[in-house]
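Below you'll find the structure, written out as structure tokens, and then a few comments.
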Amino acid sequence: MTIPAMSQSFKPAFKSGEWLKFRIHYGFLNASYATLHLSSKNLDSIPVYHVVGRGRTTGFASIFFKVDDTYESYFGRRDGKPYRFIRKIYEGGYTKDIEIDFYYDEDKAVLKDNKNGTQMDIAVDDRIQDLLSASYHLRNNYNLDGFEVGESIDLDMLFDDDGVFQFKLKYLGKEIIRTKFGKVECLKFRPVVQSGRVFKEQESLTLWVSNDLNKIPIRIKADLAVGSLKADLDGYNGLRNQFKIIMKE
Numbered sequence: 002m003t004i005p006a007m008s009q010s011f012k013p014a015f016k017s018g019e020w021l022k023f024r025i026h027y028g029f030l031n032a033s034y035a036t037l038h039l040s041s042k043n044l045d046s047i048p049v050y051h052v053v054g055r056g057r058t059t060g061f062a063s064i065f066f067k068v069d070d071t072y073e074s075y076f077g078r079r080d081g082k083p084y085r086f087i088r089k090i091y092e093g094g095y096t097k098d099i100e101i102d103f104y105y106d107e108d109k110a111v112l113k114d115n116k117n118g119t120q121m122d123i124a125v126d127d128r129i130q131d132l133l134s135a136s137y138h139l140r141n142n143y144n145l146d147g148f149e150v151g152e153s154i155d156l157d158m159l160f161d162d163d164g165v166f167q168f169k170l171k172y173l174g175k176e177i178i179r180t181k182f183g184k185v186e187c188l189k190f191r192p193v194v195q196s197g198r199v200f201k202e203q204e205s206l207t208l209w210v211s212n213d214l215n216k217i218p219i220r221i222k223a224d225l226a227v228g229s230l231k232a233d234l235d236g237y238n239g240l241r242n243q244f245k246i247i248m249k250e
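For the sequence shown, the numbering used here begins at 2 and goes up steadily by one.
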């Protein structure tokens, strides 16, 4: 069952200036940190949010598996639709350097592969999301209070030359988890991801989102093709709404 989007009378979940930092563990190693920073810009006269996500391995972990990833999305401040997506990654020798521009008046996206010097057109509609814009779209457009266990949200997503990916986010229930900030009540989800090079199975990723007006990611766990990964919220700034903490540590 797919959950309907909420009405436009809700309180927004984020604002320009929001900054989130995540501490990532790979097995027993404190492998890296990742950040998400949201700002306001104009892209070809369109008022957009610009979110930049960066992740890098640090210390001992970088000796075994160096990661240096940058993701960027420009999505509309009014309509939430992605207009440009950038993915530049280096993961243990595996690299990608792609840009996607969305042209809704032509029902297409143009993907440029800067590494291989190729370009391709991909058919899309105005419901498409990229890898980053999808997170903000979900935070801002769905009434999570109405979720029942087993229900799901379905999205069309484009972030690679594999084409449009059918993304499903299944609700698993509420859970209180312990964080460095205190205990936080979360909504628990199981995204259906692409199995293969990175993930063991389609349902090997679990996500916890704060059960408050911000709906920020609090914890992510993943069973990878090799080992396991855990990411925890490590810092935040510029939240639009009060961060709901049950009990400070």
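Note that the Cβ used here is the ideal one computed from N, Cα and C, for glycine as well. Quick caveat, the model's predicted, so the values are computed rather than measured.
(request) Express the C-alpha separation of Asp127 and Phe160 in angstroms, rounding to a whole number. (result) 15 Å
(request) Name the one or two DSSP bridge partners that Asp102 has. (result) Arg85, Val111
(message) Would you call the region 236-247 in contact with the region 212-225, where contact means no fewer than 3 C-beta pairs closer than 8 Å?
(response) They touch, by the three-pair rule.
(message) Tell me the DSSP secondary structure of Ser41 in three-state form.
(response) strand
(request) With a threshold of 16 other CB atoms inside 10 Å of the CB of Ser46, please say whether the residue is buried or exposed. (result) For Ser46, the number of other beta carbons within 10 angstroms of its own is below 16, and it is reported as exposed.
(request) Could you tell me the distance, in whole angstroms, from the CA atom of Pro48 to the CA atom of Tyr84? (result) 10 Å
(request) Alpha carbon to alpha carbon, how far is Glu107 from His26? Give it in angstroms, no decimals. (result) Distance between the alpha carbons of His26 and Glu107 is about 43 Å.
(request) Note down, in chain order, each residue of its chain lying with its Cβ closer than 6 Å to the Cβ of Gly81, except the 5 sequence neighbours on either side. (result) Taken in chain order, the residues that qualify are His138.
(request) Could you tell me if Ile99 is buried or exposed, where buried requires 16 or more neighbouring beta carbons within 10 angstroms of its beta carbon? (result) buried
(request) To the nearest angstrom, report how far apart Trp20 and Asp102 are at their CA atoms. (result) One C-alpha to the other measures close to 25 Å.
(message) Just to confirm before moving on: does the CB-CB distance between Arg57 and Ser33 stay below 8 Å?
(response) In this structure, Ser33 lies closer than 8 Å to Arg57 by Cβ.
(request) May I have the straight-line CA-CA distance separating Tyr72 from Gly54, to the nearest angstrom? (result) 5 Å
(request) Could you have a look at Ser74 and say whether DSSP puts it in helix, strand or coil? (result) Strand, per DSSP.
(request) Determine, using beta carbons only, whether Asp235 and Phe15 come nearer to each other than 8 Å. (result) No, they are not a contact pair.
(message) For Arg140, report the span of its alpha helix (DSSP H) as first-last.
(response) 134-142
(request) To the nearest angstrom, report how far apart Gly77 and Ala35 are at their CA atoms. (result) 24 Å
(request) Kindly indicate which three-state DSSP category Gly54 falls into: helix, strand or coil? (result) strand
(request) Let me know if Gly197 comes out buried or exposed under the rule of 16 or more other beta-carbons within 10 Å of its beta-carbon. (result) At Gly197 the pLDDT is 44, less than 50, meaning the model places this residue with poor confidence and gives no usable figure here.
(message) Counting C-beta neighbours from all protein chains within 10 Å, is the total for Gln130 16 or more, i.e. buried, or is it exposed?
(response) Taking all protein chains in view, the Cβ of Gln130 is crowded by 16 or more other Cβ atoms within 10 Å, so the residue is classified as buried.
(message) Less than 8 Å between the beta carbons of Ile87 and Thr96, yes or no?
(response) Taking a C-beta distance under 8 Å as the contact criterion, Ile87 and Thr96 do not qualify as a contact pair.
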